[in-house]
Amino acid sequence: SEEEECEHQAESSSHSSDRTTIIAIAFEGGVVIGSDSRVSAGASVVNRVMNKLSPLHDKIYCALSGSAADAQTMAEIVNYQLDVHSIEVGEDPLVRSAATLVKNISYKYKEELSAHLIVAGWDRRAGGQVYVTLDGLLARQPFAIGGSGSSYIYGFVDAEYRQGMTKKDCQEFVVNALALAMNRDGSSGGVAYFVTIDKDGTDEKCILGNKLPTFFDE
Amino acid sequence: MDRPPNPQNTGVSTGTTILAVKFNGGVIIGSDSRASIGGSYVSNKMINKLIQVHDKIFCCIAGSLADAQAVTKMAKFQLSFHSIQMEAPPLVKAAASVLKELCYNNREELQAGFITAGWDRKRGPQVYTVSMGGMLISQPFTIGGSGSTFIYGYADAKFKPDMSREECLQFTTNALTLAIGRDNVSGGVVHMVVITEDGVEHVVVPGDKLPKFHDE
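Those protein sequences? They're chains A and B, same order as listed.
Residues 1 to 218 in my numbering are what the first sequence lists, from first letter to last.
Residues 219 to 434 in my numbering are what the second sequence lists, from first letter to last.
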């Protein structure tokens with residue numbers, strides 16, 4: 001019947017999290033990686049509390065954007081490949097290795113997949129690192145933003161980022177950036193998840209909607 | 219000189235960044251200075267997008283340059299006639315209204331949006347936005363044009379009501395610089411006009427004097 005057809009169409013039009021905001025920033029001893037929590041299909045929010053930060057290894061996380069299915073599958077595959085790799089080398093994998101594995105998949109299946117993962121983590125050799133893997137390129141950056149909500153915060157992150165920020169500065173930076181993007185992007189919203197990774201471990205935090213920073217017009 | 223290919227047939231458009239901000243005692247209206255064809259050829263590096271429609275009322279244009287020029291020309295005429303009839307300078311809201319009527323009544327054909335800012339004796343400094351379809355609203359500050367998407371976050375975070383003139387100049391220059399840095403159809407110099415009860419001052423910041431951010 002007509003009703004069933006409409007529902008089916010709404011669901012199959014990719015539960016896309018390209019409609020999202022993701023961000024990662026490196027500091028002296030680690031990284032902070034964050035995301036919003038909205039998954040929308042057209043005008044409907046199908047999940048308002050989705051955690052888009054996926055662990056690839058103990059101290060390496062990735063942030064998912066683009067088609068949710070593609071992104072999740074890529075993260076799972078790389079998770080498996082990293083486990084194998086770390087057994088082979090006998091120690092924790094490098095963040096660059098994780099990013100390279102993601103890049104290999106992105107590049108090889110460029111035409112079929114539409115997902116962008118930002119990879120961030122800490123390793124003994126190079127400390128905190130952030131890598132972008134958009135369209136199959138691999139580049140290390142001091143910080144990275146992605147998803148539809150990121151357009152609105154380019155000016156903010158360009159202005160606010162400075163070298164030598166502390167862990168606390170970075171956490172504030174991530175939460176402020178997410179809050180600003182969620183206020184302006186219809187496809188980003190819900191709660192702000194962020195993970196802080198350093199040599200001592202990973203710390204996952206969630207900031208509820210009403211506890212996010214507010215700005216002049218709120 | 220041959221024109222470069224323009225597959226979308228868009229004509230000269232002001233892919234642009236424009237904004238207007240109210241501060242304590244006045245308004246600042248600002249823009250970049252680039253006009254482009256098809257998004258890949260810069261047809262004018264130093265175009266002035268800040269149009270004076272009356273002594274203390276300016277507007278800036280986004281969208282099709284031709285449409286914007288035609289509309290502002292009409293608005294200028296209507297406003298000067300109106301001010302003769304009223305025997306007083308027009309209100310900023312009147313100027314914005316005139317633009318709004320033109321945009322709304324011709325919304326099918328036109329492709330231009332406006333920001334109007336100025337000072338009048340009745341309400342002091344004001345900023346109005348007339349969107350492309352002809353909606354008119356008053357705001358403490360407003361941004362527009364293609365480059366504006368990149369600075370929503372910055373503007374939301376950094377704007378404070380009742381700033382001083384210097385703070386406001388800094389805010390405007392920073393915002394335009396950040397937008398120019400990320401939007402390839404915005405560029406050139408930063409034009410700003412400061413409008414207060416005492417008069418109108420035009421400030422131009424050339425490209426090499428713009429603030430530099432972390433990656434430059």
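Glycine included, C-beta positions come from ideal geometry on N, C-alpha and C.
Chain-ordered, the chain A residues with CB closer than 8 Å to the CB of R400 (chain B) read Y154, G155 and D158. Against chain A, the beta carbon of I369 (chain B) has neighbours under 7 Å at G155, listed in chain order.
With a threshold of 8 Å between beta carbons, N176 (chain A) makes contact with chain B.
In chain order, V310, A313 and G336 place their CB closer than 6 Å to the CB of I275 (chain B), counting only its own chain and leaving out the 5 sequence neighbours on each side. Per DSSP, reduced to three states, the secondary structure at Y107 (chain A) is helical. Burial check for A306 (chain B): the Cβ neighbour count within 10 Å stays below 16, so the residue is exposed.
Between V31 (chain A) and I197 (chain A), the CB-CB gap stays under 8 Å. Within the region 141–199 of chain A, the alpha helix (DSSP H) runs of at least 4 residues that lie entirely inside it are, in chain order, 154–160 and 167–184. Check the Cα spacing between S187 (chain A) and each of A:A26, A:P55 and A:S65: the tightest is with A:S65. About 11 Å separates the CB atoms of I236 (chain B) and I369 (chain B); that is not less than 8 Å, and the two are not in contact.
Of the residues assessed, V157 (chain A) falls on the buried side of the cut-off, its CB having 16 or more other CB atoms within 10 angstroms. Ranked by Cα distance from D374 (chain B), the first of B:A393, B:E384 and B:R383 is B:A393. For S349 (chain B), the closest alpha carbon among the candidates B:N266, B:I279, B:Q296 and B:P429 is that of B:I279.
Restricting attention to B:G256, B:V239, B:Y259 and B:N266, the CA atom closest to the CA of V407 (chain B) is found in B:N266. By the neighbour-count criterion, in which a residue is buried when 16 or more other Cβ atoms sit within 10 angstroms of its Cβ, D200 (chain A) is exposed. Counting the other Cβ atoms within 10 Å of the Cβ of D83 (chain A) gives fewer than 16, which makes it exposed. Residue pairing by DSSP puts I118 (chain A) in a beta bridge opposite A:A63 and A:V132.
When C-alpha distances from S298 (chain B) are compared across B:V316, B:V239, B:R325 and B:Q287, the shortest belongs to B:V316. Assigned with DSSP and collapsed to three states, D123 (chain A) falls in strand.
Rounded to whole angstroms, S282 (chain B) and N402 (chain B) show a C-alpha spacing of 17 Å.
When C-alpha distances from C277 (chain B) are compared across B:Q344, B:L396 and B:Q329, the shortest belongs to B:Q344.
Within chain B, no residue has its beta carbon less than 7 Å from that of A144 (chain A); the closest one is some 12 Å off.
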